[in-house]
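Participant: What follows is a structure written as C-alpha cells; I'll ask about it next.
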Ligand SMILES: Nc1ncnc2c1ncn2[C@@H]1O[C@H](COP(=O)(O)OP(=O)(O)OP(=O)(O)O)[C@@H](O)[C@H]1O
Ligand SMILES: [Mg+2]
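Given below as C-alpha cells:
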C-alpha cells in the first residue's frame, strides 16, 4: 500500500495564485521522501492538504490508505506534522507542551512521562524542559515542535523544513532520529532546502516548480539522467553566457546544458576529456572564461536543469532579486 498517494491535487488560492497546480504522488510505505522546491513553489500548501489542514481545490489524496477529504479525523491520528511555522504556546514549558500533546492523543500519564523524557533528550531540550517556551531561541522552538509531532509515534510523518535554522550538530541529530525511526518502518515526507541532505537521506525526491512536479525519482536516477559530470563555466556577463551556452551545446559529447545568469553548466559523461575542447571552442568564439569548474553532477544540477535556477540556500535571495527585477 502507498503511504501517500495523490492524484491531480490542486490548490488555487485565487485565479492568480495557483499554489499547487495538479500533482501526482505515490510514496511507498517505509520511504523517506524529499519534496524540494524554491520559495513559493507549493511545498507547504501540499503538506497542508495531505495532512487535512487545507481543502484541495481539486484532486484526491490518500494517506495511509485513507481519503483525506472523506475521513480527516482518522488521517490526523495516523500522521505526525511539524509545519514550517512553529505553533507553540509561549507561556507553557517545553515539557508541559509535549505532555499535553501526548495526553490529547489519549496516551497514559506513565507512558507520556517516558516518551516526553526520551523525546526531550532526542531534541536536546532536557536542560530547558522546565522553562517557558517564550524564552526559547528559534532553533529550540523548532526542535520542540518536532518532538510534538513525534509524541504519538505516528507511522507517517510530515516535516516541513525540519532543519532550517538549526545548527549543524542539531541538524545531524534530527536526521539521525529520522533514520532511526525510518529503520522501524516509519514513512517520512519532508521538505528541505539542503540538497546534500536530501541526496544522502531520501529514497525518492520530487522537485516542485511553480506548483508542478518537474522531476521525480531517486537521487541516483535523477543525477545519472543528466550525466555524471558537470562543467560549470562562468563569464563576465549574462550575454556572454547566453552565447557560450548555444556554442557549448553543439559540442560533441555534451548531454545537455543549463544557463543561470553568468553561468553555463554542461552535463556529460566524461568531463575531464571535454574541458580542453570547451575552452578552445569558446576561445574561437571570442568568449572569455572567468572561471571553469569540473565536478560530479549533484542534486543542485538536477534542480538547475529542471527549473532553470539553483536551490542553494545562499542563492535564494539572489533568485528572488532577479525575479523581482524582471517583474
Ligand atoms: N493562505 C494563502 N493565501 C493566499 N496565497 C497563499 C496562501 N498560502 C500560500 N499561498 C501562496 O501559494 C504559493 C505557494 O506557497 P507555499 O507556502 O506552499 O510555498 P513553499 O514552497 O512552501 O515556499 P517556502 O519555501 O517559502 O516555504 C505562494 O505563492 C504563496 O504566496
Ligand atoms: Mg513552505
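In the working numbering, the protein residues as written are 631 to 957.
For glycine and all other residues, C-beta sits at the position ideal for the given N, C-alpha and C.
If you pair each beta-carbon of the region 920-934 with each one of the region 841-856, do three or more pairs fall below 8 Å?
Facilitator: Touching, per the Cβ criterion.
Participant: For the candidate residues 694, 712, 783, whose alpha-carbon lies nearest to that of residue 705?
Facilitator: The shortest Cα separation from residue 705 among 694, 712, 783 belongs to 694.
Participant: Excluding sequence positions up to five away, which residues of its chain have a Cβ less than 6 Å from the Cβ of residue 779?
Facilitator: Cβ within range, chain order: 710, 711, 712.
Participant: Could you give the distance in angstroms between the alpha-carbon of residue 862 and the alpha-carbon of residue 834?
Facilitator: Their backbone Cα atoms lie some 26 Å apart in a straight line.
Participant: Where DSSP assigns a beta bridge to residue 865, which residues make up the other side?
Facilitator: According to DSSP, residue 865 bridges with 919.
Participant: Between the beta-carbon of residue 867 and the beta-carbon of residue 892, is there less than 8 Å?
Facilitator: Closer than 8 Å, so yes.
Participant: Closer than 7 Å: is that where the CB of residue 875 sits relative to any heavy atom of ligand 2?
Facilitator: Outside the cutoff, so no.
Participant: If we count the other Cβ atoms within 10 Å of its Cβ and call it buried at 16 or more, is residue 685 buried or exposed?
Facilitator: By the 10 Å Cβ count, residue 685 comes out exposed.
Participant: Give a yes or no on whether the C-beta atoms belonging to residue 725 and residue 760 are separated by under 8 Å.
Facilitator: Going by C-beta atoms, residue 725 is nearer than 8 Å to residue 760.
Participant: For residue 785, name the three-state secondary structure that DSSP assigns.
Facilitator: The answer is coil: DSSP assigns residue 785 none of H, G, I, E or B.
Participant: On the criterion of 16 or more Cβ atoms from any shown chain inside 10 Å, does residue 791 qualify as buried, or is it exposed?
Facilitator: Classification for residue 791: buried.
Participant: DSSP three-state call for residue 657: helix, strand or coil?
Facilitator: Residue 657 falls in the strand class under three-state DSSP.
Participant: When the Cβ atoms of the region 828-848 are set against those of the region 663-670, are three or more pairs found closer than 8 Å?
Facilitator: Judged by Cβ distances under 8 Å, the region 828-848 makes contact with the region 663-670, as three or more pairs qualify.
Participant: List, from N- to C-terminal side, the alpha helix (DSSP H) runs of 4 residues or more that fit wholly inside the region 777-833.
Facilitator: Whole alpha helix (DSSP H) segments, 4+ residues: 798-813, 825-831.
Participant: Label residue 920 either buried or exposed according to how many other C-beta atoms from any shown protein chain fall within 10 Å of its C-beta, with 16 as the threshold for buried.
Facilitator: So residue 920 counts as exposed.
Participant: Relative to ligand 1, is the shortest distance from any of its heavy atoms to the C-beta of residue 669 smaller than 7 Å?
Facilitator: Correct: residue 669 has its Cβ closer than 7 Å to ligand 1.
Participant: CB residue 806 to CB residue 793, shorter than 8 Å?
Facilitator: Their beta carbons are not under 8 Å apart, which means residue 806 does not touch residue 793 by this criterion.
Participant: Which residue from 717, 827, 650 puts its Cα closest to that of residue 671?
Facilitator: Ranking 717, 827, 650 by Cα distance to residue 671 puts 650 first.
Participant: Taking all protein chains shown into account, decide if residue 729 is buried (16 or more other Cβ within 10 angstroms of its Cβ) or exposed.
Facilitator: The residue in question, residue 729, is buried, as its Cβ has 16 or more Cβ neighbours within 10 Å.
Participant: Between residue 817 and residue 661, is the Cβ-Cβ spacing less than 8 Å?
Facilitator: Contact: yes.
Participant: Would the beta-carbon of residue 861 be found less than 7 Å away from any heavy atom of ligand 1?
Facilitator: The answer is no for residue 861.
Participant: What is the C-beta distance between residue 789 and residue 769, in whole angstroms, given that I count them as a contact (C-beta under 8 Å)?
Facilitator: 15 Å between Cβ atoms; not a contact.
Participant: With residue 924 and residue 907 assumed to form a contact (beta carbons below 8 Å), what rounded beta-carbon distance in angstroms separates them?
Facilitator: Between residue 907 and residue 924 the Cβ distance is about 13 Å, and since that is not below 8 Å, they are no contact.
Participant: Ordered along the chain, which non-local residues of its own chain (more than five positions away) have a Cβ less than 6 Å from that of residue 896?
Facilitator: Excluding residues within five positions, the ones whose Cβ falls inside 6 Å are 861, 878, 884, 887.
Participant: Between residue 848 and the rest of its own chain, which residues show a CB-CB distance below 6 Å, the 5 nearest in sequence each way excluded?
Facilitator: 834, listed in sequence order.
Participant: Am I right that residue 777 and residue 753 are in contact with their C-beta atoms under 8 Å? What's the rounded C-beta distance?
Facilitator: That pair is a contact at about 5 Å.
Participant: Within the region 682-715, note down every full beta strand (DSSP E) run reaching 3 residues or more, in order along the chain.
Facilitator: Correct list: 688-693, 709-712.
Participant: Answer yes or no: do residue 680 and residue 634 have a C-beta to C-beta separation smaller than 8 Å?
Facilitator: In this structure, residue 634 lies closer than 8 Å to residue 680 by Cβ.
Participant: Considering only their Cβ atoms, is the gap separating residue 781 from residue 714 smaller than 8 Å?
Facilitator: Taking 8 Å as the Cβ cut-off, residue 714 and residue 781 do not qualify as a contacting pair.
Participant: Quick one: grab the DSSP three-state call for residue 772.
Facilitator: Residue 772: helix per DSSP, three-state reduction.
Participant: Shortest alpha-carbon distance to residue 786 belongs to which of 864, 824, 696?
Facilitator: Comparing Cα positions, the closest option is 696.
Participant: Determine the direct distance from the alpha carbon of residue 648 to that of residue 846, and round the result to whole angstroms.
Facilitator: Going by the C-alpha atoms only, they are around 20 Å apart.
Participant: For residue 799, count neighbouring C-beta atoms within 10 Å of its own C-beta (all shown protein chains included) and say buried if the count is 16 or more, exposed if not.
Facilitator: By the 10 Å Cβ count, residue 799 comes out exposed.
Participant: Exposed or buried, what is residue 727 when buried is set at 16 or more other beta-carbons lying within 10 Å of its beta-carbon?
Facilitator: Buried: at least 16 other Cβ atoms inside 10 Å.
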